[in-house]
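**Q** Starting off with a structure, shown below.
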Amino acid sequence: MSDAAATAKRPDILPVEPLRWVGEVDGYLRILDQTRLPSCEVWIDCVDVSVVWEAIRSLRVRGAPAIGLAAAYGVCLSLRSACGSTAGLCQIVNRAAEYLSTARPTAVNLFWALSRMRRRAVQLAEAPPEVFRQKLLEEAFAIHQEDRRMCEAIGRWGASLLPEHACVLTHCNTGALATGGIGTALGIVYTAVASKKKIHVYVDETRPLLQGARLTAWELMRWGISCTLICDSMAGALLARKKIDAVIVGADRIAARGDTANKIGTYGLAVLARHHGVPFYVAAPSSTFDLSLDSGQRIPIEERHPDEVRSPQGVLFAPADVPAWNPAFDVTPAELITAIICEKGVICPVTKERIAEVLESPMPQFAGK
Ligand code: MRU
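Per our numbering, the very first residue in the sequence shown carries number -12; after that it's consecutive.
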């Protein structure tokens, strides 16, 4: 297994970009089809908002921040062949945002990015049509750039919490593939490794869609970061053997009191971490907080098709007609979370008051940035 510090010696490797706008205002959105990884790197050129909707729904683009970015660019695509008055363009933006908001229900970043695009459209209601289109694309670029910076800051805050030689357990994929930057939970690992800490990552495979096995393992291997893949059911045994210094996961929506929705299986990990006295960290940008919901009980949880459970990767290994349950996310109560790491700081203890205090503070400027 390669030395974790090897990453710092590989300046040729750049974080993979899961999505990118190509061209000017009449350009298009290029998405890396994550359902094909790790065996093939296939790019999809989206020229139509319906292609973006399908890409979000079927997890070709996935991870809460990346879903928000795709949706923001999707709004720009809705204007691609539109002509006429700015009032007409505003209506198109509203319709596109309504439509895109139906792609997936749990990650609040989707709704956050769409409301931001709508607000910008309202501000531009008096602008000439060509200015309106240009400024909306600039808004999508700004959301993308801000996400990149938030990932870097999360990485800095989180890396400072890890010891020199740390074993980390993570779930799902929270890296560059899931965001506009280096990632959230995985961004912490990248930042720690870049600062010469020796980190080993245990990767939960993340049934049923295997984001850990297919995507996180792929990202870590690409960077030469020391890692071991485990089946989800092995996490308890791993923690019982006292091999883990921290569990770090991402989030799809965090309620005002800190309850956190994330990939199914996260809640079980939090219970295990508490039982074994291991810190359980959630890493997420402020765009993942939903302060309109007091508790996690009100977070809408996506239920996906039972075939994803019966036939992982299209291979049937259960009776074809056995009933199966497939919630894509679960909710971890705030009491089980040691700290939430966001771009503005480390929220600890995880309480409504502390969350509000940190979110209201400005994002700090780190030295050397
Ligand atoms: O269904 P997915 O693959 O979109 O789920 C992704 C997750 O659960 C991630 O942990 C979360 O979105 C954070 S990504 C930085």
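Just so it is clear, CB atoms sit at the ideal spot from N, CA and C, and this is done for glycine as well. Quantities reported herein were computed from a predicted structural model and do not represent experimental measurements.
#1: Where Ala53 and Gly301 are concerned, what is the direct C-alpha to C-alpha distance, given to the nearest angstrom?
#2: Between Pro115, Trp40, Arg67, which has its C-alpha nearest Thr73's C-alpha?
#3: For the candidate residues Tyr60, Glu117, Pro2, whose alpha-carbon lies nearest to that of Leu16?
#4: Quick one, which of Thr171, Leu202, Pro150 has its alpha-carbon nearest Lys185's?
#5: Pull up the distance between the alpha-carbon of Gly75 and that of Met104, whole angstroms please.
#6: Around the Cβ of Gln352, are there at least 16 other Cβ atoms within 10 angstroms (buried) or fewer (exposed)?
#7: Only counting runs of 4 or more residues, tell me where the alpha helix (DSSP H) segments fall wholly within the segment 108 to 176, in order along the chain.
#8: Give the list of continuous beta strand (DSSP E) stretches no shorter than 3 residues that lie fully inside the segment -7 to 51.
#9: Specify the secondary structure class of Asn313 as computed by DSSP and reduced to three states.
#10: Along the chain, where does the beta strand (DSSP E) that runs through Leu216 open and close?
#11: Given that a residue counts as buried once 16 or more other Cβ atoms are within 10 Å of its Cβ, and exposed if not, what is Asn198?
#12: If I'm right that Ala222 touches Leu278 with Cβ under 8 Å, what's the distance once you round it to whole angstroms?
#13: Considering Cα atoms alone, identify which of Ala242, Ser147, Ile324 is closest to Ser273.
#14: Using a C-beta cutoff of 7 Å, does Asn96 count as contacting chain D?
#15: Within the present structure, is the beta-carbon of Asn313 separated from the nearest heavy atom of ligand 1 by less than 6 Å?
#16: Could you please give the first and the last residue of the uninterrupted beta strand (DSSP E) stretch that includes Lys339?
#17: From Phe304 to Ala311, what distance separates their C-alpha atoms?
#18: In this structure, what does DSSP give as the bridge partners for Asn249?
#19: Determine the burial state of Ala129: buried for a count of at least 16 other Cβ atoms within 10 Å of its Cβ, exposed for fewer.
#20: Based on Cα-Cα distance, which residue from Ala84, Tyr254, Leu323, Gly237 lies nearest to Gly50?
#21: Report the option in Gln110, Thr93, Val155 whose CA atom is closest to the CA atom of Gly283.
#22: Could you give the distance in angstroms between the alpha-carbon of Ser68 and the alpha-carbon of Glu4?
#23: Can you find the residues in the same chain that come closer than 6 Å, C-beta to C-beta, to Arg7, ignoring five residues on each side of it along the sequence?
#24: What did DSSP end up calling Lys356 once you bin it into helix, strand or coil?
#25: Compare the beta carbon distance of Ala204 and Leu196 with 7 Å and say whether it is the shorter of the two.
#26: Considering only DSSP beta bridges, list what Phe276 is partnered with.
#27: In chain order, what residues of the same chain have a beta carbon less than 6 Å from the beta carbon of Pro2, not counting five sequence neighbours either side?
**A** Let me spell this out:
#1: 25 Å
#2: Pro115
#3: Tyr60
#4: Pro150
#5: 16 Å
#6: exposed
#7: 116 to 146
#8: 6 to 9, 15 to 19, 30 to 33
#9: coil
#10: 214 to 217
#11: Looking at the sequence shown, residue 198 is not Asn but Gln. That one is buried.
#12: Ala222 to Leu278, Cβ: 31 Å. No contact.
#13: Ala242
#14: Annotation note: the requested chain D is absent from the structure, which comprises a single protein chain.
#15: no
#16: Where Lys339 is concerned, there is no enclosing beta strand (DSSP E), although the alpha helix (DSSP H) it sits in stretches over 339 to 347.
#17: 12 Å
#18: Asp317
#19: exposed
#20: Gly237
#21: Thr93
#22: 26 Å
#23: Arg17
#24: Note that Lys356 scores a pLDDT of 49, beneath 50, so its modelled location is shaky; the value from the coordinates is reported in the next line. Lys356: coil per DSSP, three-state reduction.
#25: no
#26: Ile241
#27: Ala163, Ile169
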